[in-house]
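Have a look at the structure below before the remarks.
In the working numbering, the protein residues as written are 300 to 437.
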């Protein structure tokens with residue numbers, strides 16, 4: 300089972316997981332920390348100088364190493380959420396969700412299909428159109 304799948308299963312089971320926030324926007328940091336005993340990293344795109352290019356580079360390395368990454372988005376806009384998930388993040392950390400309406404909007408932006416967002420089959424997350432949607436959603 301992949302490290303990313305193990306992370307998801309352990310998280311859903313309520314296991315204690317060890318991770319840390321990364322504020323250094325460089326892909327080599329991912330390569331080094333993926334060798335540690337951490338279960339995941341969270342790239343802090345809200346408080347650190349991550350831009351789209353550095354997030355993309357970090358996520359490319361993380362995906363190549365099958366290392367689970369969360370992205371703390373700069374805001375909870377649909378665009379930020381969409382990009383983080385399309386980069387291949389296993390999840391997002393969304394700041395400033397303080398109302399039911401904001402939570403519903405966040406959930407909608409993070410889901411595909413009915414009551415969710417559209418599907419981008421050409422993204423890293425979707426294997427650049429090499430995987431079928433039903434398989435991806437399992």
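All C-beta atoms in this analysis are idealised placements derived from N, C-alpha and C, irrespective of residue type, glycine included.
Are the segment 349-369 and the segment 314-325 in contact at 8 Å, needing three or more beta carbon pairs?
Between the segment 349-369 and the segment 314-325, the count of Cβ pairs shorter than 8 Å is three or higher; the stretches touch.
Using the C-alpha atoms, what's the distance from residue 388 back to residue 364?
Rounded to the nearest angstrom, the two C-alpha atoms are 13 Å apart.
Per the DSSP calculation, residue 343 is bridged to which residue(s)?
Per DSSP, the beta bridge partners of residue 343 are 371.
Can you tell me whether residue 327 is helix, strand or coil according to DSSP?
Under the three-state reduction of DSSP output, residue 327 falls in the helix class.
Taking only three categories from DSSP, how would you classify residue 392?
Taken through DSSP and simplified to helix, strand or coil, residue 392 comes out as strand.
List the whole-angstrom C-beta distance separating residue 339 from residue 368, where the pair is believed to meet the contact cut-off of C-beta under 8 Å.
Confirmed, about 7 Å.
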